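Here the protein sequences come in this chain order: A and B. Reading the first sequence from the start, the letters are residues 1 to 197 in my numbering. Reading the second sequence from the start, the letters are residues 1 to 197 in my numbering. Down below is the structure, laid out as structure tokens.
2 protein chains.
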Amino acid sequence: MSNTQEQDKLKTRRRGKELEAAILQAVRAELKEREYAAVTMEGIAERSGTSKAVLYRRWANRAEIVLAAIRERVPLPLEEVPDFGNVRDDVCGILRSMNLNNTQLLSKAIYGIISELGAMPLASVLFPEGRSSRSMSIVLQRAVERGEVSGEAVTPRLLTLPIDLARNEIILYNEPMSEETIAEIVDQVFLPLIQKR
Amino acid sequence: MSNTQEQDKLKTRRRGKELEAAILQAVRAELKEREYAAVTMEGIAERSGTSKAVLYRRWANRAEIVLAAIRERVPLPLEEVPDFGNVRDDVCGILRSMNLNNTQLLSKAIYGIISELGAMPLASVLFPEGRSSRSMSIVLQRAVERGEVSGEAVTPRLLTLPIDLARNEIILYNEPMSEETIAEIVDQVFLPLIQKR
DNA sequence: CAAATAAGAAACTTAAAGTATCTTATATGT
DNA sequence: ACATATAAGATACTTTAAGTTTCTTATTTG
Numbered sequence: 001m002s003n004t005q006e007q008d009k010l011k012t013r014r015r016g017k018e019l020e021a022a023i024l025q026a027v028r029a030e031l032k033e034r035e036y037a038a039v040t041m042e043g044i045a046e047r048s049g050t051s052k053a054v055l056y057r058r059w060a061n062r063a064e065i066v067l068a069a070i071r072e073r074v075p076l077p078l079e080e081v082p083d084f085g086n087v088r089d090d091v092c093g094i095l096r097s098m099n100l101n102n103t104q105l106l107s108k109a110i111y112g113i114i115s116e117l118g119a120m121p122l123a124s125v126l127f128p129e130g131r132s133s134r135s136m137s138i139v140l141q142r143a144v145e146r147g148e149v150s151g152e153a154v155t156p157r158l159l160t161l162p163i164d165l166a167r168n169e170i171i172l173y174n175e176p177m178s179e180e181t182i183a184e185i186v187d188q189v190f191l192p193l194i195q196k197r
Numbered sequence: 001m002s003n004t005q006e007q008d009k010l011k012t013r014r015r016g017k018e019l020e021a022a023i024l025q026a027v028r029a030e031l032k033e034r035e036y037a038a039v040t041m042e043g044i045a046e047r048s049g050t051s052k053a054v055l056y057r058r059w060a061n062r063a064e065i066v067l068a069a070i071r072e073r074v075p076l077p078l079e080e081v082p083d084f085g086n087v088r089d090d091v092c093g094i095l096r097s098m099n100l101n102n103t104q105l106l107s108k109a110i111y112g113i114i115s116e117l118g119a120m121p122l123a124s125v126l127f128p129e130g131r132s133s134r135s136m137s138i139v140l141q142r143a144v145e146r147g148e149v150s151g152e153a154v155t156p157r158l159l160t161l162p163i164d165l166a167r168n169e170i171i172l173y174n175e176p177m178s179e180e181t182i183a184e185i186v187d188q189v190f191l192p193l194i195q196k197r
């Protein structure tokens, strides 16, 4: 019993994808325990039972390895967007999921990563494939079908509006949004702009 | 002729506020020339004609000294908010000024500073004295007097809405907003929410 | 003009990034 | 099953910059 991270060591020599997965998991474990600045290549190597040389064969530097570790988890599986029966609750659901996904590992490391990778904009980390929001598209499609929203009202700007405001909150305060904040964004800003009158 | 930064050196020995101002100016000069990661204490000391010991007597670490250098410039002198005669242009003016002030030194260093200072939220750097926006208050006050906007429409959330969206853009893309983006924020989002119908 | 204070120079310690070299386990092709 | 290629893992090394320490000397202040 009680086996925190690794196996008994000296089992076998891991390779390829198996080894890589173990390393990235070690990165996430380190990131949970300490600040980004205190996560070292030595520490990662030790925790994953390998050596720095192995890390540098796969990633160019610390920022890259941490980014890889986060990307594995962060592009949240948007598989399905739950249908609560009305736009309001659907959008609140999306914002709550941002709360979960963005504030854990990501916000802890994101500043360091961007800083060390040079002038790489935050956008390219968060949306490797552009800004559009799949989940918002789905939710608004439904709303149009229900007759809650008129199709013409949905511009690209409005499509991402709740997510933009939520991101601003999360980054600004570095903690999950409150339910009050979510309600403000949806009820005071988003709904009045898209609902049919 | 041609004297980029410093004087002839070995003039006199500066002290107190005079010395401090020269150091912070050197920090800003360094920050203009290179990335945050490449700004070193040695470099700052050399450029300002002093030594590392002097820097460490005043600031605890690199992040602190850079933050001090930026703070001197960033809390933009909101002295007066120009009156263009209508809310729309007034708000566009505020967003354009964010464009100027936020994207120069700040966005270059902000990620590194936050990362190195620990879990300090961005908010506390950007708004040492709370979130409310003085300039937006002034502009909306005028709008209410003109009869463009009804006083009850102005909630705290709506008060900072254009600024929140602008900040999101600037941070996300790490560059000034385009005029199109400013127009979208104001015309598609802000005005429809506050204008009398 | 004496004493206190802080500037400036220089040498030092430490931490961690990143590199290079070598040995050896494992996979793969024949 | 065996030879060969490939990559893992250990270890030692170089380099860079942060942060510290010590000492000398200019300037302020009383």
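Every residue gets a Cβ at the ideal spot worked out from N, C-alpha and C, and that includes glycine. This one's a predicted model, so the numbers in the text were calculated from it and none came from an experiment.
Taking Cβ positions, are residue i and residue j nearer each other than 7 Å?
i	j	result
B:L158	B:L193	yes
B:E116	B:A60	no
A:Q188	B:T155	yes
B:N219	A:R167	Absent from the structure is residue 219 of chain B, since the part of chain B shown begins at 1 and ends at 197.
B:C92	B:I182	yes
Should residue i go down as buried or exposed, given a rule of 16 or more other Cβ atoms within 10 Å for buried?
i	result
B:G112	buried
A:A69	buried
A:E184	buried
B:N86	exposed
B:A143	buried
A:G147	exposed
Looking only at its chain, what residues have a beta carbon closer than 7 Å to the beta carbon of residue i, apart from the 5 residues adjacent to it on each side?
i	result
B:K9	Confidence at B:K9 is low in this model, with a pLDDT of 42, below 50, so its placement is unreliable and the value that follows should be read with caution. G49.
B:L55	I23, M41, I44, A45, I65
B:E20	R58
A:E72	L24
B:F208	The requested residue 208 of chain B does not occur in the structure, where chain B is confined to residues 1 to 197.
Who does residue i pair with in a DSSP beta bridge?
i	result
B:V149	B:Q195
Only counting the same chain, and skipping five residues up and downstream in sequence, which positions put a Cβ closer than 8 Å to that of residue i?
i	result
A:L108	Per the sequence shown, residue 108 of chain A should be read as Lys rather than Leu. Same-chain partners within the cutoff: L31, E35, Y36.
B:I138	V81
A:R88	V186, D187, L191
B:E180	none
A:S51	A45
A:N3	Because A:N3 sits at a pLDDT of 35, beneath the cut-off of 50, its placement in the model cannot be relied upon, and the point is left open.
Whose C-beta lies closer than 6 Å to the C-beta of residue i among residues of the same chain, with five residues either side of it excluded?
i	result
A:S133	T160, I163
B:S150	K196
B:A153	I194
A:L140	V154
A:I67	According to the sequence shown, residue 67 of chain A is Leu rather than Ile. So the qualifying residues of the chain are I113.
*Enumerated in chain order, which unbroken segments of the alpha helix (DSSP H) with a length of 4 residues or greater are wholly contained in the stretch 144 to 190 of chain A?*
156 to 173, 179 to 183
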